[in-house]
Every structure is written in C-alpha cells, then in structure tokens.
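Report on the following structure.
Residue numbers (the working numbering): 265 to 457.
So this is what it looks like as structure tokens:
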C-alpha cells in the first residue's frame, strides 16, 4: 500500500482568491488586483501559511488597508474563507484511491482556510493524516517539507507519491526522493497511477 500525499488547492478544490478580492476591495477591478498582489501570494501570505502571522492579525492588516472596504473582521473572514469549489471527479477519485492506498493531505494553507475546508468538504475528513504548512512551519516549495514527513513518519521515500498541481512542489518532492504527479485533472491523474 502506497501513501499518497494529496494537495488540496486545485487538486481537490478550486481556489478563487479574486472572489475574495472583489468582495473586499473599494474598487472592484483595480483595487481587487492590488489586494490580490499584496495578500494572495508573496512573503506575507507565506508567513500566514507557515504560522508566523496569526490569522486574525492577517485579516486585520487587510482590514486596515485603504484598498479595503470598511467591514468587520468577521465579514472579511467569511470572504477569505469562501473561495473554494469542489473539483469535478475529486470525490470519486478519493474514494477510488482509498481502496488501495493510504491518503494523507499535504497542503500549504492557513488555519482559516483549512477549518473552512474541513467543515464544508467531508472528503477532507476521510483521509488518514494531515501535514499542513501552518502546523509544520514549512512550505512544499522546500525540500525540508518532504524530508520532515519522511523523518516523522519513519517511512522511506519510495513509499510515497505526491499529487500536486505545482511543478515547484513536485520538484521539491523529487529532491527528497518522493515520486510525484503534477495534477491537471482527475482522469489523467488516475490513468498515470
């Protein structure tokens, strides 16, 4: 039985940060683009996703930005969390994979997103283990994220397979000796298995 490390964003669910940006921005076009640039990628977001910035502190920074409409942290939180939709074939694929593999979630995420995902997408509760960047302090772009899994699990690299949509994450896994499939869609991914 192989252990499959499943990414969440753009593997199990689609991620639409522009939905958040448009809902929060004073100016829904130019302002949304600027909010996206500032808060939906980059170093500050990486700090959130590795546990160095607390979620409410992060939302307060966004709330204090002149590009953001005046709204409560609760409203901003709801918009921040409501950016996901289940990908076609994900439920069926997870069910099929569970028949002959152990499934572990490995995701670069923050506590607000992960809590929302667990509460709204039961398929995430059906896996065996979670390796989350905000708990581990490591992003999948680094080899350390994968060597940490190997060390903590006591398993060898050839027992794992990563399914992830980002080439850089697949490259990091490869450097740790873990085979990967760069996800495009579930039909192609299942065919490669």
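Glycine is no exception: its CB is placed at the ideal position from the N, C-alpha and C atoms.
Spanning the alpha carbons of residue 345 and residue 435 requires a straight line of approximately 29 Å.
Here residue 447 has 271, 274, 275, 427, 428, 429 and 453 as same chain residues with Cβ atoms under 8 Å from its own Cβ, once five neighbours each way along the sequence are excluded. Looking from the CA of residue 443, the closest CA among 450, 318 and 407 belongs to 407. Annotation: the continuous alpha helix (DSSP H) that includes residue 282 extends over 281-288.
In this chain, residue 456 is not harboured by any beta strand (DSSP E); it is covered by the alpha helix (DSSP H) spanning 450-456. For residue 333, there is no enclosing beta strand (DSSP E), as DSSP marks it with neither H nor E. Residue 439 counts as exposed, since fewer than 16 other C-beta atoms from the protein chains shown sit within 10 angstroms of its C-beta. Counting along the chain, residue 325 sits inside the alpha helix (DSSP H) bounded by residues 319-327. For residue 393, the uninterrupted beta strand (DSSP E) run begins and ends at 393-396, by DSSP. Within 10 angstroms of the beta-carbon of residue 373 lie 16 or more other beta-carbons, which makes it buried.
With distances taken between CA atoms, residue 315 lies nearest to 378 out of 449, 390, 423 and 378. Between residue 288 and residue 348 the beta-carbon gap is near 16 Å, outside 8 Å, which marks them as no contact.
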